[in-house]
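For any residue, its number in this note's numbering is found by taking its place in the sequence shown, counting from 1, and adding 192.
Down below is the structure, laid out as structure tokens.
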Amino acid sequence: MSDVVRTTAKDGSQVEFIYKDPAQGAIKDVYFAPDKSYVVAFFRNPLDPYGKERIENIVGKYRHDLFEQEGGEYWKEIFCWPEKIVEYDGRMGLVVPAYEKCYFFDSEPLKGAEKEGKWFASAKNFNKFVPPDEKGSLLSFLKICIRLSRGVRRLHAAGLAHSDLSYKNCLIDPKTGSACIIDVDGLVVPGLFPPDVLGTPDFMAPEVVATAYGPKEKRELPKRTTDLHALAVLIYQYLLHRHPLRGGKIHSTDSEVQERLEMGEKALFVEHPTDASNRPKVGKNDGVYLPWIDAARIPYKTTGPYLTELFNRAFVDGLHNPSLRPSAGEWEDALVRTTDLVLPCENPNCVMKWFVFDNKKKAVCPYCGNPYKKQAPVFDFYITNDGASYRPERRRMTIFSGQSLYPWHVDRMTVPNEKLSEKDLERVGYFAFHNNAWMFVNQRLPDLKNLSTGELIPPGKGVTLTQNLQLLLSGKKTGRIVNVSIANS
Ligand SMILES: [Zn+2]
Numbered sequence: 193m194s195d196v197v198r199t200t201a202k203d204g205s206q207v208e209f210i211y212k213d214p215a216q217g218a219i220k221d222v223y224f225a226p227d228k229s230y231v232v233a234f235f236r237n238p239l240d241p242y243g244k245e246r247i248e249n250i251v252g253k254y255r256h257d258l259f260e261q262e263g264g265e266y267w268k269e270i271f272c273w274p275e276k277i278v279e280y281d282g283r284m285g286l287v288v289p290a291y292e293k294c295y296f297f298d299s300e301p302l303k304g305a306e307k308e309g310k311w312f313a314s315a316k317n318f319n320k321f322v323p324p325d326e327k328g329s330l331l332s333f334l335k336i337c338i339r340l341s342r343g344v345r346r347l348h349a350a351g352l353a354h355s356d357l358s359y360k361n362c363l364i365d366p367k368t369g370s371a372c373i374i375d376v377d378g379l380v381v382p383g384l385f386p387p388d389v390l391g392t393p394d395f396m397a398p399e400v401v402a403t404a405y406g407p408k409e410k411r412e413l414p415k416r417t418t419d420l421h422a423l424a425v426l427i428y429q430y431l432l433h434r435h436p437l438r439g440g441k442i443h444s445t446d447s448e449v450q451e452r453l454e455m456g457e458k459a460l461f462v463e464h465p466t467d468a469s470n471r472p473k474v475g476k477n478d479g480v481y482l483p484w485i486d487a488a489r490i491p492y493k494t495t496g497p498y499l500t501e502l503f504n505r506a507f508v509d510g511l512h513n514p515s516l517r518p519s520a521g522e523w524e525d526a527l528v529r530t531t532d533l534v535l536p537c538e539n540p541n542c543v544m545k546w547f548v549f550d551n552k553k554k555a556v557c558p559y560c561g562n563p564y565k566k567q568a569p570v571f572d573f574y575i576t577n578d579g580a581s582y583r584p585e586r587r588r589m590t591i592f593s594g595q596s597l598y599p600w601h602v603d604r605m606t607v608p609n610e611k612l613s614e615k616d617l618e619r620v621g622y623f624a625f626h627n628n629a630w631m632f633v634n635q636r637l638p639d640l641k642n643l644s645t646g647e648l649i650p651p652g653k654g655v656t657l658t659q660n661l662q663l664l665l666s667g668k669k670t671g672r673i674v675n676v677s678i679a680n681s
């Protein structure tokens with residue numbers, strides 16, 4: 193144990209680490225605590241006064257603002273945030289919590305490796321290397337994207353920008369739907385702490401790439417709007433396992449020029465609705481990467497209407513116009529609404545296990561081609577301002593065995609985010625297929641009413657779902673009504 197060093201952190205607490213064989217990051221050497229509950233990451237090169245002030249703020253003020261508030265515990269799961277500063281052997285280091293166990297692969301060929309997002313971002317890695325039991329499902333990837341969007345939304349709300357959001361700086365676990373943003377010590381505070389790096393190639397916004405080679409004073413630097421480009425790329429990659437801008441268009445035979453144009457000035461969405469010139473090409477030997485590399489087979493529209501709209505804003509309208517990019521909160525909302533629009537694939541070997549219902553007459557899983565044979569009742573939600581006239585909300589819910597209704601479906605003042613109370617996480621009712629018909633069973637809704645008959649449906653009772661049945665979910669002005677349609681029949 194002679195390699196164990198004990199020192200005092202700047203906050204006065206004791207820190208121990210094994211000062212031997214560091215893991216090497218891009219700019220830091222990383223040493224484990226003897227009990228492996230945290231690591232100490234030392235900057236290899238001395239920090240300038242700005243760098244020092246930045247990490248002091250990250251460990252101090254920003255950490256305090258995020259974590260030492262009501263609900264702060266929630267963010268500890270989403271961010272792996274530096275907790276202390278140590279100086280030792282003439283170097284400055286950060287004490288950072290060790291990654292949760294779920295972020296290490298359990299099975300071969302990747303056993304023991306960190307679940308960096310890159311393993312799940314491309315068809316090559318996802319199809320070839322990720323073990324089948326680590327592939328998760330469409331629902332777990334939606335959950336991961338919700339968590340990442342929520343984390344970015346929180347950073348932006350605090351006036352911060354991540355500046356180097358990429359699949360390298362996110363750990364994800366599709367098995368549990370967990371996600372964690374790591375390496376936050378490069379945070380950008382507009383006007384105070386400029387970025388250290390321009391970003392990671394696949395994730396740099398086109399305006400950053402396009403100006404990176406020009407005069408310094410004209411360079412576009414990472415900031416909130418470039419985070420929003422990176423977030424959109426991450427979401428696209430996790431849901432479709434391909435890159436939104438790396439397609440078949442050749443700009444130059446010089447690979448450096450090609451990269452600069454493809455990701456910068458001439459960046460073009462591979463699925464641009466009217467310009468097909470950058471569609472991914474599927475070669476003869478690419479079968480192993482299917483279906484993901486074939487955008488005609490799994491178009492981005494398979495992610496459903498809400499995400500399609502945001503992908504259009506991110507990669508068509510906002511690709512070269514940063515102010516039009518969707519905010520992290522908009523992604524979060526669209527992802528949450530999309531999780532209400534899925535159906536379970538009935539093929540036990542389906543890799544995604546769920547698919548977004550596309551409202552077609554006969555639902556088919558786009559990932560494996562399996563037809564969905566059951567009826568699929570759909571709730572269309574309506575909201576009101578005066579408690580008298582209702583208007584449709586862009587929110588629907590597909591119904592299948594095991595589907596539940598939650599407080600955030602009932603009242604629009606309850607938003608499914610990190611602020612939900614324990615009680616709001618409990619379902620208020622569920623759906624079951626009984627005697628050849630779909631039923632909604634009320635568990636906790638005191639006002640549930642069949643608007644077609646005027647009859648109250650008290651907790652403990654159920655109602656059969658029929659075409660155009662209308663239900664009042666809550667008598668409050670902020671409550672919703674639903675209209676039932678029986679789809680896929
Ligand atoms: Zn399927």
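For glycine and all other residues, C-beta sits at the position ideal for the given N, C-alpha and C.
Per DSSP, which one or two residues make a beta bridge with residue i?
{"i": "residue 208", "result": "198"}
{"i": "residue 590", "result": "570"}
{"i": "residue 220", "result": "235"}
{"i": "residue 546", "result": "536"}
{"i": "residue 678", "result": "569"}
{"i": "residue 271", "result": "373"}
{"i": "residue 662", "result": "675"}
{"i": "residue 556", "result": "563"}
{"i": "residue 596", "result": "622"}
{"i": "residue 582", "result": "576"}
{"i": "residue 284", "result": "279"}
{"i": "residue 642", "result": "647, 663"}
Please determine whether the Cβ atom of residue i lies at a distance below 8 Å from any heavy atom of ligand 1.
{"i": "residue 559", "result": "yes"}
{"i": "residue 545", "result": "yes"}
{"i": "residue 319", "result": "no"}
{"i": "residue 680", "result": "no"}
{"i": "residue 537", "result": "yes"}
{"i": "residue 294", "result": "no"}
{"i": "residue 337", "result": "no"}
{"i": "residue 562", "result": "yes"}
{"i": "residue 542", "result": "yes"}
Classify residue i as buried or exposed, calling it buried when 16 or more other Cβ atoms lie within 10 Å of its own Cβ.
{"i": "residue 524", "result": "buried"}
{"i": "residue 455", "result": "buried"}
{"i": "residue 462", "result": "buried"}
{"i": "residue 499", "result": "buried"}
{"i": "residue 236", "result": "exposed"}
{"i": "residue 399", "result": "buried"}
{"i": "residue 627", "result": "exposed"}
{"i": "residue 409", "result": "exposed"}
{"i": "residue 405", "result": "exposed"}
{"i": "residue 282", "result": "exposed"}
{"i": "residue 418", "result": "buried"}
{"i": "residue 284", "result": "buried"}
{"i": "residue 309", "result": "buried"}
{"i": "residue 429", "result": "buried"}
{"i": "residue 482", "result": "exposed"}
{"i": "residue 595", "result": "buried"}
DSSP three-state call for residue i: helix, strand or coil?
{"i": "residue 653", "result": "coil"}
{"i": "residue 445", "result": "coil"}
{"i": "residue 334", "result": "helix"}
{"i": "residue 374", "result": "coil"}
{"i": "residue 634", "result": "strand"}
{"i": "residue 469", "result": "helix"}
{"i": "residue 276", "result": "strand"}
{"i": "residue 396", "result": "coil"}
{"i": "residue 497", "result": "helix"}
{"i": "residue 629", "result": "strand"}
{"i": "residue 489", "result": "coil"}
{"i": "residue 528", "result": "helix"}
Give the C-beta separation of residue i and residue j to the nearest angstrom, bearing in mind that I take them to be a contact with Cβ-Cβ under 8 Å.
{"i": "residue 684", "j": "residue 352", "result": "With the chain covering only 193 through 681, there is no way to say anything about residue 684."}
{"i": "residue 568", "j": "residue 547", "result": "That belief does not hold up - the Cβ atoms of residue 568 and residue 547 are roughly 11 Å apart, past 8 Å."}
{"i": "residue 364", "j": "residue 338", "result": "With a Cβ gap of about 12 Å, residue 364 and residue 338 do not count as contacting."}
{"i": "residue 299", "j": "residue 326", "result": "7 Å"}
{"i": "residue 527", "j": "residue 341", "result": "6 Å"}
{"i": "residue 506", "j": "residue 424", "result": "4 Å"}
{"i": "residue 278", "j": "residue 207", "result": "5 Å"}
{"i": "residue 251", "j": "residue 276", "result": "6 Å"}
{"i": "residue 233", "j": "residue 220", "result": "4 Å"}
{"i": "residue 603", "j": "residue 668", "result": "6 Å"}
{"i": "residue 531", "j": "residue 665", "result": "That pair is no contact at about 19 Å."}
{"i": "residue 315", "j": "residue 485", "result": "5 Å"}
{"i": "residue 345", "j": "residue 420", "result": "Rounded, the Cβ-Cβ distance is 10 Å, inconsistent with contact."}
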